[in-house]
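Visitor:
In the numbering used here, the protein residues as written are 71 to 220.
Here it is in structure tokens:
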């Protein structure tokens, strides 16, 4: 992904509110790649909704910066899933080696809402994907997993 100029604030860095958009876009793209079409579920009166979001900012992004988002699932129950996500930017250190710089971290709690906007159990197809992701890799709050990269 890349920073667009209109996302910058008066200090020339990405506005803090834009990071939530980056995380959501990457989450939806990733779910679609894994066979979960959020739009199709919404048309069936089942929507993935965020009930809690925690963002932690570590370093700024600026105009034209390129970055990627890694996501993982750290917890799944019958009614909710917790995802840990991080925005990384490649930087070159003094030795000329590339390394990842953590730009921002996000933890979201997702639930599924029915047509009346009431929380309902996570459909089996979604729960199976989340459970598989959780089992395949540790949460990215520790060691970063390349399993789910956008």
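Glycine residues also receive a C-beta, built at the ideal position from the N, C-alpha and C atoms.
Remember, predicted model here, so these are calculated numbers, not experimental data.
Taking its Cβ as the centre, do 16 or more other Cβ atoms sit within 10 Å of residue 155, making it buried, or is it exposed?
Guide: Counting C-beta atoms within 10 angstroms of its own C-beta, residue 155 has 16 or more neighbours from the protein chains shown and is therefore classed as buried.
Visitor: Specify, as a first and last residue, the run of the beta strand (DSSP E) that residue 173 falls within.
Guide: 168-183
Visitor: Enumerate in chain order the residues of its own chain whose CB-to-CB distance from residue 175 is below 6 Å, with the five nearest sequence positions on each side excluded.
Guide: 126 and 156
Visitor: Within the same chain, show all residues whose beta-carbon is closer than 6 Å to that of residue 178, passing over the 5 residues directly before and after it, in chain order.
Guide: 120, 123 and 153
Visitor: Give the secondary structure of residue 139 by DSSP, where H, G and I count as helix, E and B as strand, and everything else as coil.
Guide: strand
Visitor: Can you tell me where the beta strand (DSSP E) with residue 162 in it begins and where it stops?
Guide: 150-162
Visitor: Can you check DSSP and say which residues form a bridge with residue 105?
Guide: Residue 105 pairs with nothing; no bridge assigned.
Visitor: Report the rounded CA-to-CA distance for residue 100 versus residue 188, giving the unit in angstroms.
Guide: 25 Å
Visitor: With a threshold of 6 Å on Cβ separation, who are the neighbours of residue 116 within its own chain once the five nearest residues in sequence on each side are excluded?
Guide: 182
Visitor: Could you name the residues of the same chain whose beta carbon sits closer than 8 Å to that of residue 204, not counting the 5 residues immediately before and after it, in chain order?
Guide: 142, 143, 144, 145 and 146
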